[in-house]
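As structure tokens, the structure follows; a few thoughts come after it.
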Amino acid sequence: MPDALHVHNAKKNFGSLAALKGIELQVKKGEFFGLLGPNGAGKTTLISAIVGLCKLSEGSIDVYGHDTQKEPLKAKAFVGFSPQEVNLDRFFPIRKILMYQAGFYGLSFKEQKNRTEELLSQFELSDKADQPYYKLSGGMQKRLLIAKAVITQPKVLILDEPTAGVDVAQRHRLWQYLKNLNKDGTSIILTTHYIDEAEELCERIGIIHLGEIREIGSPHTLIEKYCVKTIRVTLSKPINQNTTLENKDYKITVCGSHIETSGHNVALMMSKINEILAQNPDSQLSDLSVERGTLEDVFLKVTGTRMGEADQ
């Protein structure tokens, strides 16, 4: 069975600029996949190639087994796309925008109407249904773009910065809607600058940097690979020991009533702390905290930039 999406050796050149440099990517059916990268890393170019808005210089992209360049209509029939930039007729009422989108994909008039009313309700737009698009707030416009993308019930949903400009409460409601959609079998590909959004929604994440996929994995796997854990202990009494020991597994520093150790193996680090406590029975553990790395730390280590910054 084909993947929902298979990108093979995707290259895209704009003159002398190589925007994509041999991208390899597979997204499984029913997967929620996040694509993260600095501004200018190639995310939008890759998304544009997937949805057929730009032609690759080399390589191929298959959606449910259909090549986007050789069978564009068949490939597009599987895809719903919510772009980062708004591209709608500003004077159209939003009900008509949704109905026309459904009609373009061959839904009957009854299906158009039923699906439109369903989505207007789900995205809390019913009271604005007959207003022209330009009168909507930025957050409402984003919700409309997502509604437009899902009205045909696509098997692959591509969302480019879907919650930018949306308030926190509405963001969380959109998250729940997307989780339910994914649970029902829709494959979702998400680009976002919100680390918490990627961690909350995505089973796997690909980090794109300078036109290349540099890392792919689950948030947990990537954090385990790139981030150390730090354990800080406060003792009830200072101990007569001031030392730092470092090896390939951990680093431990003892200074008076404080112990700090960092590494990847929490069990090993705790065993060293227990050894120190056993050697100093008069001093008891007073406080302990564990600090773990974040996806933001992973992103910084892989790309050398923070989320939202430009690629270098």
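If you're matching positions, the sequence shown starts at 61 in this note's numbering and goes up one per residue.
Note that the Cβ used here is the ideal one computed from N, Cα and C, for glycine as well.
All figures in this text were calculated on a predicted structure; none of them were measured in a lab.
inquiry  = Looking at residue 270: is its Cβ nearer than 9 Å to the Cβ of residue 248?
reply    = Within the sequence shown, residue 270 is the residue found at index 210, counting from 1. Within the sequence shown, residue 248 is the residue found at index 188, counting from 1. Cβ distance not < 9 Å, so residue 270 and residue 248 don't count as in contact.
inquiry  = Please give me, in chain order, every unbroken run of the beta strand (DSSP E) with length at least 3 that falls completely inside the segment 194 to 250.
reply    = 216 to 220
Sub-9 Å separation of residue 158 and residue 204 beta-carbons = Start at 1 with the first residue of the sequence shown, and residue 158 comes out as number 98. Start at 1 with the first residue of the sequence shown, and residue 204 comes out as number 144. It is a contact, given that the beta carbons lie within the stated cut-off.
task = Alpha carbon to alpha carbon, how far is residue 241 from residue 151? Give it in angstroms, no decimals.
result = Numbered from its first residue, the sequence shown carries residue 151 at position 91. Numbered from its first residue, the sequence shown carries residue 241 at position 181. In a straight line, the C-alpha of residue 151 is about 30 Å away from that of residue 241.
query = Over what stretch of residues does the beta strand (DSSP E) that includes residue 76 continue unbroken?
reply = In the sequence shown, the residue the question calls residue 76 occupies position 16. Counting along the chain, residue 76 falls outside any beta strand (DSSP E), and DSSP gives it neither H nor E.
ask   = If we count Cβ pairs, one from each stretch, closer than 8 Å, do we get three or more for the segment 257 to 269 versus the segment 355 to 365?
value = yes
message = By the DSSP assignment, the alpha helix (DSSP H) with residue 160 in it spans what residues?
response = The residue labelled residue 160 in the question sits at position 100 within the sequence shown. Unbroken alpha helix (DSSP H) run through residue 160: 154 to 164.
inquiry  = DSSP three-state label for residue 280, please.
reply    = Against the sequence shown, residue 280 aligns to sequence position 220. It is helical.
inquiry  = Can you check which of these residues, 353, 191, 308 and 299, is closest to residue 342 by C-alpha distance?
reply    = Numbered from its first residue, the sequence shown carries residue 342 at position 282. Ranking the options by Cα distance to residue 342, first place goes to 299.
task = May I ask you to list the residues that DSSP assigns as paired with residue 81?
result = What you label residue 81 is simply residue 21 of the sequence shown in a count that begins at 1. The partner list for residue 81 (beta bridge, DSSP) reads 71.
request  = Check whether the segment 224 to 232 touches the segment 192 to 207, taking contact to mean three or more Cβ pairs, one atom from each stretch, closer than 8 Å.
outcome  = yes
ask   = In this structure, does DSSP put residue 175 in helix, strand or coil?
value = As a working note, residue 175 is residue 115 in the sequence shown. Helix, per DSSP.
task = Taking residue 291 as part of the beta strand (DSSP E), name the residues at either end of that continuous run.
result = Mapped onto the sequence shown, residue 291 falls at position 231. From DSSP, the beta strand (DSSP E) with residue 291 extends over 289 to 295.
ask   = What is the residue span of the beta strand (DSSP E) that residue 362 lies within?
value = The residue given as residue 362 occupies position 302 in the sequence shown. Per DSSP, residue 362 belongs to no beta strand (DSSP E); it is in the alpha helix (DSSP H), 355 to 363.
key: Start-end ranges of the alpha helix (DSSP H) lying completely within the segment 83 to 162, minimum 4 residues   = 103 to 110 and 132 to 136
task = Per DSSP, which residues does residue 347 bridge with? Please list them.
result = Looking up residue 347 in the sequence shown gives position 287. According to DSSP, residue 347 bridges with 294.
DSSP three-state assignment for residue 270, whether helix, strand or coil = Working through the sequence shown from its first residue, we reach residue 270 at position 210. Reduced to three states, the DSSP call for residue 270 is coil.
query = Since residue 315 sits in a beta bridge, which residues does DSSP pair it with?
reply = Counted from its first residue, the sequence shown places residue 315 at position 255. Residue 315 is bridged to 302 and 318.
task = May I ask you to report which of helix, strand or coil DSSP gives residue 275?
result = Taking the first residue of the sequence shown as position 1, residue 275 is located at position 215. If DSSP states are grouped into helix, strand and coil, residue 275 belongs with the strands.
query = Alpha carbon to alpha carbon, what distance is there between residue 148 and residue 260?
reply = Translated into positions along the sequence shown, residue 260 becomes position 200. Translated into positions along the sequence shown, residue 148 becomes position 88. Computed Cα separation, rounded: 30 Å.
ask   = Are there 16 or more other CB atoms within 10 angstroms of the CB of residue 178, so buried, or fewer, so exposed?
value = As a first step, residue 178 must be located in the sequence shown, where it is residue number 118. Classification for residue 178: exposed.
ask   = Would you call the CB atoms of residue 91 and residue 273 closer than 9 Å?
value = Taking the first residue of the sequence shown as 1, we reach residue 91 at position 31. Taking the first residue of the sequence shown as 1, we reach residue 273 at position 213. Cβ distance not < 9 Å, so residue 91 and residue 273 don't count as in contact.
Under the three-state DSSP convention, the category residue 185 falls into = One-based indexing of the sequence shown puts residue 185 at position 125. Correct three-state label for residue 185: coil.
query = Between residue 175 and residue 161, what straight-line distance do the alpha-carbon atoms span, to the nearest angstrom?
reply = Position 115 of the sequence shown, counting from 1, holds the residue named residue 175. Position 101 of the sequence shown, counting from 1, holds the residue named residue 161. Cα to Cα, residue 175 sits roughly 11 Å from residue 161.
inquiry  = Residues in the same chain with beta-carbon distance under 8 Å from residue 155, minus the five sequence neighbours each way, listed in chain order, please.
reply    = Stepping through the sequence shown from its first residue, residue 155 is reached at position 95. So the qualifying residues of the chain are 176, 180, 189 and 190.
request  = Compare the beta carbon distance of residue 322 and residue 289 with 9 Å and say whether it is the shorter of the two.
outcome  = Mapped onto the sequence shown, residue 322 falls at position 262. Mapped onto the sequence shown, residue 289 falls at position 229. Result yes, Cβ atoms of residue 322 and residue 289 sit closer than 9 Å.
request  = List the residues that DSSP assigns as beta-bridge partners of residue 265.
outcome  = The sequence position of residue 265 within the sequence shown is 205, counting from 1. Its beta-bridge partners are 94 and 277.
ask   = What's the C-alpha gap between residue 283 and residue 122?
value = Residue 283 sits at position 223 when you count from the first residue of the sequence shown. Residue 122 sits at position 62 when you count from the first residue of the sequence shown. Going by the C-alpha atoms only, they are around 30 Å apart.
task = May I ask you to report which of helix, strand or coil DSSP gives residue 310?
result = Taking the first residue of the sequence shown as 1, we reach residue 310 at position 250. Looking at residue 310 - three-state DSSP - the assignment turns out to be strand.
ask   = Nearest to residue 355 by CA position, among 167, 253, 168 and 71, is which residue?
value = On the sequence shown, residue 355 is found 295 positions in, with the first residue counted as 1. Looking at the Cα atoms, 253 is the closest of the given residues.
key: Nearest-angstrom beta carbon gap, residue 79 and residue 89 [assumed within contact, 8 Å]   = Position 29 of the sequence shown, counted from the first residue, corresponds to residue 89. Position 19 of the sequence shown, counted from the first residue, corresponds to residue 79. Not confirmed; about 28 Å, so no contact.
inquiry  = Can you check which of these residues, 192, 295, 134 and 185, is closest to residue 347 by C-alpha distance?
reply    = Counted from its first residue, the sequence shown places residue 347 at position 287. Nearest option by C-alpha distance: 295.
ask   = What's the gap between the Cα of residue 336 and the Cα of residue 280?
value = Along the sequence shown, read from residue 1 onward, the residue named residue 336 stands at position 276. Along the sequence shown, read from residue 1 onward, the residue named residue 280 stands at position 220. Straight-line Cα distance between these residues: approximately 30 Å.
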